[in-house]
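Below is one structure; the comments refer to it alone.
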Amino acid sequence: MPRIQNHTFDELSIGQQVERYHTVTLGDLQRFADASGDYNPLHTDPEYAASTPFGGCIAHGMFSGGLISATLAMQLPGPGTVYLGQSLSFRQPVRVGDTLTVTLTVSALEPRRQRVTLDCTVVNQAGRKVVTGSAEVIAPAERETVTVERDAIPAG
């Protein structure tokens, strides 16, 4: 079982960065539809999606948002992070088979309230930005290592 260590507010610095990789599958989109209740056939029905201008299934916009959330929760700052808000722009469609790189970069630190702002970028395997934005979190106050019951960071 994987063990994951967080980063406390005091351990963070402007410019600190982390990356996470994930290859999108149709199964991912079907599970996201189940979790969110968004069964738009553009995301889950290959036959329907083939007849659209996209030519095939594309990911829900918030699927990429979920990868950003997972990166915050599991890597930077990590377990114990409180997600306060986000601002995202969906710049290009994410397609089944795309390999995404999520990059989070610490851009601001507010010591009084332990708040951290991170720039968020998701690019596909061609290097095209598919999502850009920012997230605001409260970083953990104490160092902690947690064990997850299953592989919480999918190989990709």
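My numbering puts the sequence shown at residues 383 to 538.
Think of the CB as a built atom: it goes at the ideal place given N, C-alpha and C, for glycine as much as any other residue.
For Pro428, which of Ser489, Cys439, Arg495 has the nearest alpha-carbon? Cα-wise, what sits closest to Pro428 is Cys439.
DSSP-derived helix/strand/coil call for Ala534: With a pLDDT of 49 at Ala534, under the threshold of 50, the modelled position of that residue is not reliable, and the figure given next carries that caveat. Three-state DSSP puts Ala534 in coil, outside helix and strand.
Test item: CB-CB of Asn388 and Pro493 under 8 angstroms: One thing to note: Asn388 has its Cβ no nearer than 8 angstroms to the Cβ of Pro493.
Residues in the same chain with beta-carbon distance under 7 angstroms from Ala432, minus the five sequence neighbours each way, listed in chain order, please. Around Ala432: Gly438.
Can you find at least 3 beta carbon pairs, one from the region 415-425 and one from the region 394-407, that sit closer than 8 angstroms? No, because fewer than three Cβ pairs between the region 415-425 and the region 394-407 fall closer than 8 angstroms, the two stretches do not touch.
Closer than 7 angstroms: is that where the CB of Thr434 sits relative to any heavy atom of the ligand NAD? No copy of the ligand NAD appears in this structure; indeed no ligand is present at all.
Element boundaries [alpha helix (DSSP H), containing Phe445]: Element bounds for Phe445: 443-456.
Near Val505, what residues of its chain come up, given a Cβ to Cβ distance below 8 angstroms and the 5 sequence neighbours on each side ignored? Closer than 8 angstroms at Cβ, skipping near neighbours: Leu482, Thr483, Thr485, Lys511, Val512.
Is it buried or exposed for Asp392, if we count other Cβ within 10 angstroms and need 16 for buried? Exposed: under 16 other Cβ atoms inside 10 Å.
Kindly identify the DSSP beta-bridge partner or partners of Ala517. Per DSSP, Gln468, Leu500.
Quick test of your reading: Asp480 and Gln507, contact by CB under 8 angstroms. State the CB separation rounded to the nearest angstrom. Correct: roughly 6 angstroms between the Cβ atoms.
Could you pull the start and end residues of the beta strand (DSSP E) that Thr485 belongs to? The continuous beta strand (DSSP E) containing Thr485 extends over residues 481-492.
Three-state secondary structure (DSSP) of Glu340: No statement about residue 340 is possible, as the shown extent of the chain runs from 383 to 538 and does not include it.
Whose C-beta lies closer than 6 angstroms to the C-beta of Ile535 among residues of the same chain, with five residues either side of it excluded? A caution first: Ile535 carries a pLDDT of 49, below 50, which makes its placement in the model unreliable, though a value can still be read off. Only Met456 meet the Cβ criterion.
Opposing strand residues paired with Gln387 [DSSP bridges]: Gln387 is bridged to Thr527.
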